[in-house]
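Report on the following structure.
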Amino acid sequence: MIIHLRMKQKIIIILFLVSGFFNQVKAQDSLRLYLGQIPDKYFGTSVADASNEAFFQTMYNLPGRTYTKRIIYNFNALTAGNEMKFYAIHPQPDGFALDNGDKLCDFGEQHGLHPRGHTLVWHAQLPSWLGAGNTGYENNNEYTRDSLLSILKHHITTIVSHYKGRIKEWDVVNEPFEGDGSLRKSIWQQVIGDDYIDSAFVWAHQADPDATLVLNEYGAEPWGTSKSNGMYNKIKSLVENGIPVHAAGFQCHATLGQSNFTMIKNNMERYHEIGVSCVITELDIRIPANQMGTQAAWDAQASDYVNYVKLMTETDYCHGIVVWGFTDKYSWIPAHTNYTAGEACLFNDLLNPKPAYYAIENYLKTYLGYDDIKQELKHKPFELITKYNELYIHLLDPGFKIKQTTLYNVMGQVVDAITNEQIVETNYTLNHLHSGIYIAIITDENNKNYATRFFKQ
Ligand code: XIL
Numbered sequence: 054m055i056i057h058l059r060m061k062q063k064i065i066i067i068l069f070l071v072s073g074f075f076n077q078v079k080a081q082d083s084l085r086l087y088l089g090q091i092p093d094k095y096f097g098t099s100v101a102d103a104s105n106e107a108f109f110q111t112m113y114n115l116p117g118r119t120y121t122k123r124i125i126y127n128f129n130a131l132t133a134g135n136e137m138k139f140y141a142i143h144p145q146p147d148g149f150a151l152d153n154g155d156k157l158c159d160f161g162e163q164h165g166l167h168p169r170g171h172t173l174v175w176h177a178q179l180p181s182w183l184g185a186g187n188t189g190y191e192n193n194n195e196y197t198r199d200s201l202l203s204i205l206k207h208h209i210t211t212i213v214s215h216y217k218g219r220i221k222e223w224d225v226v227n228e229p230f231e232g233d234g235s236l237r238k239s240i241w242q243q244v245i246g247d248d249y250i251d252s253a254f255v256w257a258h259q260a261d262p263d264a265t266l267v268l269n270e271y272g273a274e275p276w277g278t279s280k281s282n283g284m285y286n287k288i289k290s291l292v293e294n295g296i297p298v299h300a301a302g303f304q305c306h307a308t309l310g311q312s313n314f315t316m317i318k319n320n321m322e323r324y325h326e327i328g329v330s331c332v333i334t335e336l337d338i339r340i341p342a343n344q345m346g347t348q349a350a351w352d353a354q355a356s357d358y359v360n361y362v363k364l365m366t367e368t369d370y371c372h373g374i375v376v377w378g379f380t381d382k383y384s385w386i387p388a389h390t391n392y393t394a395g396e397a398c399l400f401n402d403l404l405n406p407k408p409a410y411y412a413i414e415n416y417l418k419t420y421l422g423y424d425d426i427k428q429e430l431k432h433k434p435f436e437l438i439t440k441y442n443e444l445y446i447h448l449l450d451p452g453f454k455i456k457q458t459t460l461y462n463v464m465g466q467v468v469d470a471i472t473n474e475q476i477v478e479t480n481y482t483l484n485h486l487h488s489g490i491y492i493a494i495i496t497d498e499n500n501k502n503y504a505t506r507f508f509k510q
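Heads up: the sequence shown begins at 54 in this note's numbering, then just goes up one per residue.
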């Protein structure tokens with residue numbers, strides 16, 4: 054009886070240890086594992102205070118929190134949802150509020166995400182002191198061309214200089230077009246004239262000559278519509294006049310099943326031909342309310358998301374994607390559409406990945422030539438073991454031959470390449486690495502890659 058109990062206890066302990074061990078080596082989903090390895094392209098998300106668990110309050114912004122963890126594991130670029138808009142960053146004529154932008158940069162630098170600047174000149178979300186009314190079309194302070202130009206110059210120069218070298222890409226002018234492709238009659242266009250756009254780009258460039266400068270617009274994504282032609286013709290003429298505009302920003306606030314990817318690609322191609330890059334700045338794909346909560350809609354959304362990612366990975370035309378919020382919990386879409394649509398993001402409102410997330414992950418695995426990690430875990434020929442400052446590979450299949458193990462940081466930069474002997478026969482010391490998450494890509498003798506992630510304490 055006693056022996057029997059001891060046996061039972063032993064079995065329980067062994068089971069406990071084994072399950073603990075498998076938990077430890079289980080690969081977690083991480084888009085960054087793949088996206089980090091696509092050179093010169095980024096995949097980001099927007100974050101905002103009011104909606105997103107007080108992202109900009111450092112006390113909430115701890116890497117252990119699910120919200121923050123999702124950002125760090127999956128994205129390598131970051132846009133402030135509201136905090137760098139005119140009303141927020143320049144709330145008084147002579148008063149700037151640069152703290153939140155600083156926090157965006159600090160967080161980015163700490164976790165290897167590129168902060169994007171959004172946005173310098175727009176008709177919406179202006180401070181009341183500017184007197185542009187609710188529409189942003191009024192001129193209640195009766196500014197002249199010169200007085201408004203000097204406000205704009207002060208605004209752009211102060212902000213871009215402050216973040217010089219830290220923010221490498223700016224949405225300089227946002228939504229300057231009407232649906233017919235003409236210039237929107239904002240306070241900027243009415244009081245200054247069409248060349249407010251030229252001035253904005255020139256001042257941004259003077260303040261930071263290395264920054265990538267974007268003209269950003271919504272609903273001008275597919276080739277050949279009045280709006281997209283208006284935007285293209287404007288950018289082309291700016292370029293011809295030597296104005297430093299470097300990229301066309303496509304917001305891509307899409308509706309399920311409505312994106313014409315061939316036409317978007319064609320549009321990107323004509324920018325490419327005039328030396329202007331494209332960037333998807335605010336991607337979300339809303340599901341009409343009557344289709345929400347259905348597998349069919351989520352699957353269709355997954356295929357749309359993958360097609361957007363392909364615009365970036367499979368062309369030279371598009372250098373980045375930012376999703377406008379990553380979780381349905383805080384998405385702007387339900388309120389914006391008066392609750393006629395929603396479920397627009399990659400994660401649901403419990404912050405769990407949706408079919409679109411897994412579809413992007415699977416697409417990237419195939420694109421980069423990796424095996425499915427979950428499959429590999431079932432039949433994997435090795436175990437990666439980390440203990441304190443050491444890394445060790447235990448071969449489960451003695452015939453498995455490792456050619457090389459490459460270690461990446463979460464920014465996708467190679468931090469070390471290790472030979473077989475170093476890591477299989479001896480413990481490999483990690484002392485030279487900072488604490489954090491790393492990705493080991495193990496290449497076998499047939500050049501097959503196995504990706505796994507580990508944490509260095
Ligand atoms: C949205 C924010 O997400 C909301 O929180 C805010 O109430 C309104 O603005 N195009 C843009 C973004 O360029 O700045 C907008 O962001 C969405 C549309």
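Quick reminder that beta carbons are idealized off the backbone N, C-alpha and C, glycines included.
Since the structure is predicted, the reported quantities are computational estimates derived from the model, not experimental observations.
query: Exposure of L487, with buried meaning 16 or more beta-carbon neighbours within 10 Å; result: Reading off the sequence shown, one finds His at residue 487, where the question assumed Leu. H487 comes out exposed.
query: Test item: CB-CB of T172 and D224 under 9 Å; result: yes
query: Start-to-end residues for the beta strand (DSSP E) that takes in W223; result: 222-227
query: For G232, three-class secondary structure by DSSP; result: coil
query: For A388 and A107, the rounded distance between their alpha carbons; result: 19 Å
query: Burial state of G218 (16 or more Cβ within 10 Å); result: exposed
query: E228 beta carbon near ligand 1 (any heavy atom closer than 8 Å); result: yes
query: Exposure of T439, with buried meaning 16 or more beta-carbon neighbours within 10 Å; result: buried
query: Secondary structure, alpha helix (DSSP H): runs of 4+ residues fully inside the region 360-394; result: 386-389
query: Any non-hydrogen atom of ligand 1 within 8 Å of H171 CB; result: yes
query: Any non-hydrogen atom of ligand 1 within 8 Å of Y392 CB; result: no
query: Beta-carbon separation (whole angstroms), S83 vs Y126, contact threshold 8 Å; result: 4 Å
query: Continuous beta strand (DSSP E) stretch holding F128: start and end; result: First-last for F128: undefined, no H or E at that position.
query: Cβ neighbours of G161 in the same chain (closer than 7 Å, five flanking residues each side left out); result: L131, H167, P168
query: Local Cβ density within 10 Å of P406, reported as buried at 16 or more and exposed below that; result: buried
query: Contact check, H176 vs Y190, beta carbons under 9 Å; result: yes
query: Element boundaries [alpha helix (DSSP H), containing R506]; result: Here R506 belongs to no alpha helix (DSSP H); instead the beta strand (DSSP E) covers 502-509.
query: Burial state of T121 (16 or more Cβ within 10 Å); result: buried
query: Straight-line Cα distance separating T308 from N192; result: 35 Å
query: Bridge partners - V267, DSSP secondary structure assignment; result: D224, A300
query: Chain-order list of residues whose beta-carbon lies under 6 Å from that of I494 (same chain, five-residue window excluded); result: T459, N502, A504
query: Nearest to R339 (by Cα), restricted to the options L291, H447, N391; result: N391
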